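For any residue, its number in this note's numbering is found by taking its place in the sequence shown, counting from 1, and adding 1310.
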Amino acid sequence: MGIFGNKRQGDTGFTIIELIIVIVVISILAAITLVAYPNYQKQTRDNERKSDLNQLATALHTYAFQKNTFVGLASGCGRNGDGNGWVNAGASQPGAGTYPRAISDCLLDIKAISNTSAFIDPSGCIYNSGSTCGTSGATPTTAYMKATCTKSSVPTTYLFARLETQPRQDSVIDGLCDGGSVSGYDATTQLWGTNYGMNYYVVVK
1311 MGIFGNKRQG DTGFTIIELI IVIVVISILA AITLVAYPNY QKQTRDNERK SDLNQLATAL
1371 HTYAFQKNTF VGLASGCGRN GDGNGWVNAG ASQPGAGTYP RAISDCLLDI KAISNTSAFI
1431 DPSGCIYNSG STCGTSGATP TTAYMKATCT KSSVPTTYLF ARLETQPRQD SVIDGLCDGG
1491 SVSGYDATTQ LWGTNYGMNY YVVVK
């Protein structure tokens, strides 16, 4: 008789072989989960970013209905108060001194949105503010941007985000606006792809 004896009729325990098989199966499932879960999280965050941009586009339409502009020049919001740049950057954030008020504040003023925090990137980043949230021209920034410019002399408004599951598309993103046509930005600083890693956009029509 073996050290563990023979399994007798009526015994309900597992044999060593059965236990090994169960452990191996559980290990395989755990490994699959560990590999798939981070990708699932990234896709979930990207879906939230896409939804946020669509809702922001709707809010800009509401603003335009009342103000006849998609938060434009002399709005007092955005970089230099001209309606472009990081959507949620404002004077209250350290280092964002060129933003007297956030673009989202202008949308909140007319009740186009119910609160500004609902449209902060899932990463929690508001603008490029160092190693955590990106550095201009060095590391991508996971935060929302807006740009009203001309493309082939036609006025166009864009909303930008950086998706984690999508590769960089610098040349495409950089070419969305005519060079130097974004108020407060020159042809170099308006390179949303190269400078900030934006790789997804919505056209506000």
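Here a beta-carbon is modelled for each residue, glycine too, at the ideal position from N, C-alpha and C.
Just so we're clear, the structure is a prediction, and the values are computed from it rather than from any experiment.
- Excluding sequence positions up to five before and after residue 1450, its CB lies within less than 7 angstroms of the CB of 1444, 1472, 1506, 1507, all in the same chain and listed in chain order.
- Of the residues 1331, 1366, 1352, 1362, the one whose Cα lies closest to the Cα of residue 1477 is 1352.
- For residue 1460 against residue 1493, the beta-carbon gap comes to about 11 angstroms, at or over 8 angstroms, which does not count as contact.
- With a beta-carbon spacing of about 15 angstroms, residue 1503 and residue 1488 fall beyond the 8 angstroms limit used to define contacts.
- A residue is called buried when at least 16 other Cβ atoms come within 10 angstroms of its Cβ; residue 1431 meets this threshold and is buried.
- Counted as a single uninterrupted DSSP element, the alpha helix (DSSP H) harbouring residue 1416 occupies residues 1413-1419.
- Each of 1326, 1323, 1331, 1457 was checked against the Cα of residue 1389, and the nearest Cα belongs to 1457.
- In the structure shown, residue 1381 adopts coil according to DSSP, grouped into three states.
- C-alpha of residue 1475 to C-alpha of residue 1433: approximately 14 angstroms in a straight line.
- Distances from the CA of residue 1387 to each of 1379, 1377, 1414, 1378 were compared; the closest alpha carbon is that of 1414.
- With respect to the 8 angstroms criterion, residue 1409 and residue 1422 are not classified as neighbours on the basis of their beta carbons.
- For residue 1394, the number of other beta carbons within 10 angstroms of its own is at least 16, and it is reported as buried.
- If you check the CB distance, residue 1513 and residue 1468 come in under 8 angstroms.
- Here residue 1329 is exposed. Its C-beta has fewer than 16 other C-beta atoms within 10 Å.
- Short of 6 angstroms from the beta carbon of residue 1416, and not among the five residues preceding or following it, lie these beta carbons of its own chain, in chain order: 1381, 1385, 1387.
- Annotated three-state conformation of residue 1486 is coil, per DSSP.
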